[in-house]
Amino acid sequence: MSHPTSADLQRVRDFLLDLQARICTALEQQEQAGGGKAEFIIDDWERPEGGGGRSRVLQDGTVIEKGGVMFSHINISKLPASATERHPGIAGAKAQAMGVSLVIHPKNPNIPTSHANVRLFVAEPEGQAPIWWFGGGFDLTPFYPDEQDVIDWHQKAYDLCQPFGDEVYAKHKQWCDDYFYLKHRDEQRGVGGLFFDDLNCWDFETCFQYIQAVGNGYLEAILPIFEKHREQPYSEAQREFQLYRRGRYVEYNLVYDRGTLFGLQTGGRIESILVSLPNLAAWSYRPEWAEDSAEKRLTEYYLKPRDWLQLNT
Numbered sequence: 004m005s006h007p008t009s010a011d012l013q014r015v016r017d018f019l020l021d022l023q024a025r026i027c028t029a030l031e032q033q034e035q036a037g038g039g040k041a042e043f044i045i046d047d048w049e050r051p052e053g054g055g056g057r058s059r060v061l062q063d064g065t066v067i068e069k070g071g072v073m074f075s076h077i078n079i080s081k082l083p084a085s086a087t088e089r090h091p092g093i094a095g096a097k098a099q100a101m102g103v104s105l106v107i108h109p110k111n112p113n114i115p116t117s118h119a120n121v122r123l124f125v126a127e128p129e130g131q132a133p134i135w136w137f138g139g140g141f142d143l144t145p146f147y148p149d150e151q152d153v154i155d156w157h158q159k160a161y162d163l164c165q166p167f168g169d170e171v172y173a174k175h176k177q178w179c180d181d182y183f184y185l186k187h188r189d190e191q192r193g194v195g196g197l198f199f200d201d202l203n204c205w206d207f208e209t210c211f212q213y214i215q216a217v218g219n220g221y222l223e224a225i226l227p228i229f230e231k232h233r234e235q236p237y238s239e240a241q242r243e244f245q246l247y248r249r250g251r252y253v254e255y256n257l258v259y260d261r262g263t264l265f266g267l268q269t270g271g272r273i274e275s276i277l278v279s280l281p282n283l284a285a286w287s288y289r290p291e292w293a294e295d296s297a298e299k300r301l302t303e304y305y306l307k308p309r310d311w312l313q314l315n316t
């Protein structure tokens, strides 16, 4: 396995900062096109153990109710359990991790919540060569899905995977379906996309190219959805359903998400860790929806793992 040089790590860092900036600019343009004036604030921070990051957050917009696009590059003196359970040989090693992670909660219930992240992890066990891997992906959580949007989302994922092997999309789609699953609800978080971790099966350069394709692919996939639904009208009942379904998002991020757990176990900056949570969410006791309703169809049809591109038919 090839090992990254300091120049390689700098190239990854430069890409991540540029990706963060480009995503924020593109989303601000959506906010402005919808008549809003909210912008992403920039909050640079450092941590005592070493490293830091740049948090960029937009709140209370006309189009985007809450959006966080976070860059971090941190040093870790002793790896926590969440990072070593799959790699027991690096327990207690020092490491560094860098990445961009984002969650965007639009105000209009017809625009899905979206999530993406790309990251690099490098552990340095004493007396051994560095151990590195990439991770990331993107996924979509609609409230009132447009089936063509879902198909187009997966088509973008499929297309960006193709240069890296015919099996990559199927593997990373399945991983996404398995990972973003609320076991206590027996329910998917959304309609999926891509998810991968421990990626070092190729040389470093190829792996880096893949996360660049994933990061850029998120932006290319989400912008047409904003454009299509930004001005679409919605009712108060649809807004209430959106807040109810956001509750599932909160449950997942606080109960299952490994990124949240990793941040807490490494003494991470709590505002950055929990920025993925929406400003508003709701919980209702055993709500019921009509059998032929869009709300019922969400859970009965869309929130099931599906072969959206009909590749196996």
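To convert, take the position in the sequence shown, counting from 1, and add 3; that gives this note's numbering.
Ideal Cβ placement from N, Cα and C applies to all residues, glycine included.
Only a predicted model underlies this, so the values are computations on that prediction, with no experimental measurement involved.
Hey, could you find the ends of the alpha helix (DSSP H) E1 is sitting in? Residue 1 cannot be examined here, being either before or after the span of the chain that is shown, 4 to 316.
Could you check the C-alpha separation between A374 and F141 for me, to the nearest Å? Residue 374 is absent from the structure shown; the chain starts at 4 and stops at 316.
I'd like the list of long-range same chain contacts for F43, defined as Cβ closer than 8 Å, with 5 residues on each side in sequence excluded. One-based indexing of the sequence shown puts residue 43 at position 40. Around F43: C27, L30, E31, R59, V60, L61, G70 and V72.
If you draw a straight line from the alpha carbon of G271 to that of I93, how long is it in whole angstroms? What you label residue 271 is simply residue 268 of the sequence shown in a count that begins at 1. What you label residue 93 is simply residue 90 of the sequence shown in a count that begins at 1. Taking the straight line from one Cα to the other gives about 20 Å.
So what's W292 in DSSP terms, helix, strand or just coil? One-based indexing of the sequence shown puts residue 292 at position 289. Three-state DSSP puts W292 in coil, outside helix and strand.
To test your reading of the DSSP string, which unbroken beta strand (DSSP E) runs of 3 or more residues are found completely within the stretch 205-256? Runs of the beta strand (DSSP E) inside the stretch 205-256: none found.
Is it buried or exposed for E234, if we count other Cβ within 10 angstroms and need 16 for buried? Numbered from 1 along the sequence shown, position 231 holds the residue referred to as residue 234. With fewer than 16 Cβ atoms within 10 Å of its Cβ, E234 is classed as exposed.
3 or more residues per run - each beta strand (DSSP E) lying fully within the stretch 76-131: The qualifying runs are 97-109 and 116-127.
Can you have a look at L283 and say buried or exposed, based on whether 16 or more other CB atoms are within 10 angstroms of its CB? In the sequence shown, the residue the question calls residue 283 occupies position 280. By the 10 Å Cβ count, L283 comes out exposed.
S275 and S75 closer than 8 Å at C-beta: Taking the first residue of the sequence shown as position 1, residue 275 is located at position 272. Taking the first residue of the sequence shown as position 1, residue 75 is located at position 72. One thing to note: S275 has its Cβ within 8 Å of the Cβ of S75.
Pair within 8 Å by beta-carbon distance, C210 and G196: Sequence index remark: in the sequence shown, residue 210 carries index 207 (1-based). Sequence index remark: in the sequence shown, residue 196 carries index 193 (1-based). For C210 and G196, no; Cβs fall outside 8 Å.
Cut-off 6 Å between Cβ atoms - residues of its own chain near G37, not counting five sequence neighbours on either side: In the sequence shown, residue 37 corresponds to position 34, counting from 1. Taken in chain order, the residues that qualify are T65, V66 and R233.
Which of helix, strand or coil DSSP assigns to T316: In the sequence shown, residue 316 corresponds to position 313, counting from 1. Reduced to three states, the DSSP call for T316 is coil.
A160 to I214, Cα distance in whole Å? In the sequence shown, counting from the first residue as 1, residue 160 sits at position 157. In the sequence shown, counting from the first residue as 1, residue 214 sits at position 211. Taken atom to atom, the span from the alpha-carbon of A160 to that of I214 is near 12 Å.
Counting C-beta neighbours from all protein chains within 10 Å, is the total for S117 16 or more, i.e. buried, or is it exposed? Residue numbering aside, residue 117 sits at position 114 when the sequence shown is read from its first letter. Buried is the call here.
Complete alpha helix (DSSP H) runs within the stretch 139-168 (minimum length 4 residues, chain order): Whole alpha helix (DSSP H) segments, 4+ residues: 150-164.
Using the DSSP secondary-structure output, state which residues sit across from Y184 in a beta bridge. The sequence position of residue 184 within the sequence shown is 181, counting from 1. In the DSSP output, where bridge partners are listed per residue, Y184 has Q191.
Quick one: what does DSSP say F198 is sitting in, helix, strand or coil? Taking the sequence shown and counting its residues from 1, one reaches residue 198 at position 195. F198 falls in the strand class under three-state DSSP.
Same chain, Cβ closer than 6 Å to P128, neighbours up to 5 away in sequence not counted: Position 125 of the sequence shown, counted from the first residue, corresponds to residue 128. Cβ contact annotation for P128 (same chain, cutoff 6 Å, sequence separation greater than five): I93 and A96, in chain order.
Measure the C-alpha to C-alpha separation of W48 and R57 and round it to an integer number of angstroms. Against the sequence shown, residue 48 aligns to sequence position 45. Against the sequence shown, residue 57 aligns to sequence position 54. For W48 and R57, the distance between alpha carbons rounds to 6 Å.
Can at least three beta-carbon pairs, one atom from the stretch 242-257 and one from the stretch 108-127, be found at a separation below 8 Å? Note that the stretch 242-257 touches the stretch 108-127; at least 3 beta-carbon pairs, one per stretch, sit closer than 8 Å.
Neighbourhood of N256 by C-beta distance below 6 Å, restricted to the same chain and skipping five residues each side: To locate residue 256, count along the sequence shown from 1; it is residue 253. Exclusion of the five residues before and after N256 leaves T263 and S279 as the residues of its chain whose Cβ lies within less than 6 Å of its Cβ.
Under the three-state DSSP convention, the category R59 falls into: By one-based count along the sequence shown, residue 59 stands at place 56. DSSP places R59 in strand when its eight states are reduced to three.
Same chain, Cβ closer than 7 Å to M320, neighbours up to 5 away in sequence not counted: Outside the modelled stretch of the chain, which goes from 4 to 316, sits residue 320, for which no answer is possible.
Helix, strand or coil, according to DSSP, for G38 in the structure here? Along the sequence shown, read from residue 1 onward, the residue named residue 38 stands at position 35. Assigned with DSSP and collapsed to three states, G38 falls in coil, not helix or strand.
D260: which of K176, G130, Q177 and R192 sits nearest, CA to CA? For this step, residue 260 is matched to residue 257 along the sequence shown. Among K176, G130, Q177 and R192, the Cα nearest to that of D260 is on R192.
For D11 and F207, which I take to be in contact (beta-carbon distance under 8 Å), what is that distance rounded to the nearest angstrom? The residue you call residue 11 lines up with position 8 of the sequence shown. The residue you call residue 207 lines up with position 204 of the sequence shown. The beta-carbon separation of D11 and F207, rounded to 6 Å, stays under the 8 Å limit for a contact.
CB N78 to CB W135, shorter than 8 Å? Along the sequence shown, one-based indexing puts residue 78 at 75. Along the sequence shown, one-based indexing puts residue 135 at 132. The answer is no: Cβ separation not under 8 Å.
Alpha helix (DSSP H) containing V299: first to last residue? Counting from 1 along the sequence shown, the entry for residue 299 is found at position 296. Reading off the sequence, residue 299 comes out as Lys, not Val. Run containing K299: A297 to R300, per the alpha helix (DSSP H) assignment.
Where the alpha helix (DSSP H) containing R261 begins and where it ends: What you label residue 261 is simply residue 258 of the sequence shown in a count that begins at 1. According to the DSSP assignment, R261 belongs to the alpha helix (DSSP H) that extends over R261 to Q268.
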